[in-house]
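Just so we're aligned, residue 194 is where the sequence shown starts under the working numbering, counting upward by one.
The beta-carbon is built from N, C-alpha and C at its ideal position, and this holds for glycine as well.
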Amino acid sequence: MPARLPRMCSIWRPGNAWRSTKDEKEARVMEPKTVLFICSFNSVRSQIAEGLLNARCPRRYRAFSAGVAPGGLSPYAVLVMREEGIDISSQKSKSLSAFPSMKFDFVVTMCDHAKLAATGAIPEGTTRIHRDFVSPSEVQENKELVFAEFRALREDIDAWLSDIFPDCPKTGEPGNRETEP
């Protein structure tokens with residue numbers, strides 16, 4: 194009777210070396226969860242949330258943002274994020290249709306308008322999270338008041354992200370950025 198050959202317990206991936214099935218499972222577990230933040234114009238709230246989560250926990254989460262009716266990235270949002278050492282200036286305002294085939298682990302609506310508009314676009318099985326943040330006004334004469342509103346919004350979103358993603362500490366807290374390889 195011929196000897197039995199041992200079972201193959203490895204998987205070949207093009208461009209990679211042989212990996213065991215255990216390594217393959219661990220790699221899947223380590224893939225970042227995907228998060229889509231949605232607000233009305235994808236100019237302030239969702240852009241700030243995307244920037245904060247990507248800066249805080251890039252190995253655990255990969256954040257994206259979209260708007261019901263994209264309106265361009267707010268320069269005030271860019272400036273208040275820069276104060277935290279986070280550069281969102283290269284982020285673009287996008288519509289929900291920019292992600293036609295992408296599946297998200299979490300869809301986070303950041304205003305009631307976005308929640309209503311996105312209801313039919315969110316696939317079953319996706320974790321849905323909602324909070325109505327008021328968008329700051331950019332049409333005040335006093336620019337310091339405008340900046341104060343944007344800073345307050347940034348702080349509110351930052352604290353809220355720590356509540357809904359507790360494995361991502363708030364900006365400014367020890368261990369808030371994943372820097373180790």
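The beta carbon of residue 270 sits closer than 6 angstroms to the beta carbons of 237, 240, 241 from its chain, once the five residues preceding and following it are set aside; these are given in chain order.
Between residue 325 and residue 349, the CB-CB gap reaches or exceeds 8 angstroms.
The beta carbon of residue 354 sits closer than 7 angstroms to the beta carbons of 242, 245, 246, 361 from its chain, once the five residues preceding and following it are set aside; these are given in chain order. Listed in chain order, the alpha helix (DSSP H) runs fully inside the stretch 315 to 369 are 336 to 357, counting runs of at least 4 residues.
For residue 345, the closest alpha carbon among the candidates 357, 273, 284, 318 is that of 273. Taking a 10 Å sphere around the C-beta of residue 347, we find 16 or more other C-beta atoms and assign the residue as buried. A direct Cα-to-Cα measurement between residue 352 and residue 359 gives close to 10 angstroms.
DSSP lists 259, 302 as the bridge partner or partners of residue 231. In the same chain as residue 311, and ignoring 5 residues on each side of it, the C-beta atoms closer than 8 angstroms to its own belong to 231, 261, 289, 300, 302, in chain order.
Using a Cβ distance threshold of 8 angstroms, residue 263 and residue 287 count as a contacting pair. For residue 283, the secondary structure class from DSSP, reduced to helix, strand or coil, is coil. For residue 248, the enclosing alpha helix (DSSP H) begins and ends at 238 to 249. Excluding five sequence positions before and after residue 320, the CB atoms of its chain that fall closer than 8 angstroms to its own CB belong to 298, 299, 300, given in chain order. A direct Cα-Cα distance of roughly 14 angstroms separates residue 337 from residue 276. Residue 227 and residue 281 have their C-alpha atoms roughly 18 angstroms apart. DSSP places residue 252 outside any alpha helix (DSSP H), giving it a letter other than H or E.
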